[in-house]
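The numbering of the sequence shown is the working numbering, which starts it at 1 and goes up by one.
Ideal Cβ positions, reconstructed from N, Cα and C, are used throughout, including at glycine.
See below for the structure under consideration.
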Amino acid sequence: MSFLRINNLFNKEKKHRVFDGKLVYGLEKNSINCFIDIGANYGQTAIEIMRWGYKKDIISIEPVKECHDRLLENSKNYSNWKVLERMAVGDYDGEIDINVSEATDLSSIMEPTEILQNSYNKAKKKYSESVTIKKLDTIFKDIGDNKNIFLKIDAQGYDYKILSSSKEFVNKVKGVMVEASLVPLYKDQESYLSYIHYLNDLGMKPHMITERSFSRASKQQLQIDLVYFK
Numbered sequence: 001m002s003f004l005r006i007n008n009l010f011n012k013e014k015k016h017r018v019f020d021g022k023l024v025y026g027l028e029k030n031s032i033n034c035f036i037d038i039g040a041n042y043g044q045t046a047i048e049i050m051r052w053g054y055k056k057d058i059i060s061i062e063p064v065k066e067c068h069d070r071l072l073e074n075s076k077n078y079s080n081w082k083v084l085e086r087m088a089v090g091d092y093d094g095e096i097d098i099n100v101s102e103a104t105d106l107s108s109i110m111e112p113t114e115i116l117q118n119s120y121n122k123a124k125k126k127y128s129e130s131v132t133i134k135k136l137d138t139i140f141k142d143i144g145d146n147k148n149i150f151l152k153i154d155a156q157g158y159d160y161k162i163l164s165s166s167k168e169f170v171n172k173v174k175g176v177m178v179e180a181s182l183v184p185l186y187k188d189q190e191s192y193l194s195y196i197h198y199l200n201d202l203g204m205k206p207h208m209i210t211e212r213s214f215s216r217a218s219k220q221q222l223q224i225d226l227v228y229f230k
């Protein structure tokens, strides 16, 4: 779920008080020169980190056609921002159907649970479309060793499968950001503890753990963002 996360003090935005500003601090500290954005939607994250001073390479991937078209449009004036062909990222190479929801940033390969649908009316499926799916190891098999890579994944419940199925590539990554659910929002998704244990096993340490979406319907926190660096 992509949205602008701003914590204002007297309506003045400051880098150390804004989520994306704090993320850019981490990118700078760890000399990240390649930001890979999986599930980029319209490119909101890329636009925000560049607004807060990130100037290195960005590679965006998006599976939903409507979003991919708009992503191409949003990126065309930035020489450091590359959008790959429309595809999903997953745990195998082939074809798959993606459920496109009314809110496109809630679209997912996985089926939403009752909790998610009750919390967000626009999580309901509008239609499905077929898309190519590839593993990270396939997409980035030729990426140079000179890249300090940060991997942001927003795949609506499919994040763990993406991480765990491409160990060769993930072991090259210097930082990771994933969306972890405190309650199951998609059927058969892994819990937030699975991500914490997996990232710890990769030798990564937490940079930020921040709240994501809250449900007024169920009166509980649904998700958190985990940002880790080696």
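Assigned secondary structure, Ala180 (DSSP; H/G/I helix, E/B strand, else coil): Numbered from 1 along the sequence shown, position 180 holds the residue referred to as residue 180. Residue state, collapsed to three classes: strand.
Run of the alpha helix (DSSP H) containing Leu22, from where it starts to where it stops: In the sequence shown, counting from the first residue as 1, residue 22 sits at position 22. Sequence check: residue 22 is Lys here, not Leu. Here the alpha helix (DSSP H) through Lys22 covers 19-29.
For Ile149, three-class secondary structure by DSSP: Working through the sequence shown from its first residue, we reach residue 149 at position 149. Looking at Ile149 - three-state DSSP - the assignment turns out to be strand.
Distance between Asp137 and Ile38 (C-alpha atoms, nearest Å): Start at 1 with the first residue of the sequence shown, and residue 38 comes out as number 38. Start at 1 with the first residue of the sequence shown, and residue 137 comes out as number 137. Each residue's Cα considered, the two are about 14 Å apart.
Span separating the alpha-carbon of Gln223 from that of Asn146: Counted from its first residue, the sequence shown places residue 223 at position 223. Counted from its first residue, the sequence shown places residue 146 at position 146. If I take the Cα positions, the gap works out to 33 Å.
Residue of Ile47, Arg86, Ile96 minimising C-alpha distance to Asn77: To locate residue 77, count along the sequence shown from 1; it is residue 77. Of the listed residues, the one whose Cα sits closest to Asn77 is Ile47.
Neighbourhood of Lys15 by C-beta distance below 8 Å, restricted to the same chain and skipping five residues each side: The sequence position of residue 15 within the sequence shown is 15, counting from 1. The residues are Gly21, Lys22, Val24, Tyr25, Trp52, Gly53.
For Asp201 and Gln44, the rounded distance between their alpha carbons: One-based indexing of the sequence shown puts residue 44 at position 44. One-based indexing of the sequence shown puts residue 201 at position 201. For Gln44 and Asp201, the distance between alpha carbons rounds to 30 Å.
Ser79 - DSSP class collapsed to helix/strand/coil: Position 79 of the sequence shown, counted from the start, is the residue given in the question as residue 79. DSSP places Ser79 in coil when its eight states are reduced to three.
Close-in-space but distant-in-sequence residues of the same chain around Ala217 (CB under 8 Å, 5 per side omitted): Position 217 of the sequence shown, counted from the start, is the residue given in the question as residue 217. Excluding sequence neighbours, Ala217 sits near Asn118, Ser119.
Euclidean distance between Cα positions of Val83 and Tyr160: What you label residue 83 is simply residue 83 of the sequence shown in a count that begins at 1. What you label residue 160 is simply residue 160 of the sequence shown in a count that begins at 1. Taking the straight line from one Cα to the other gives about 23 Å.
Reduced DSSP secondary structure (H/G/I, E/B, other) of Val89: Translated into positions along the sequence shown, residue 89 becomes position 89. Of the three classes helix, strand and coil, the one that applies to Val89 here is strand, per DSSP.
Touching by the beta-carbon criterion (3+ pairs, under 8 Å), the stretch 91-103 and the stretch 129-143: yes
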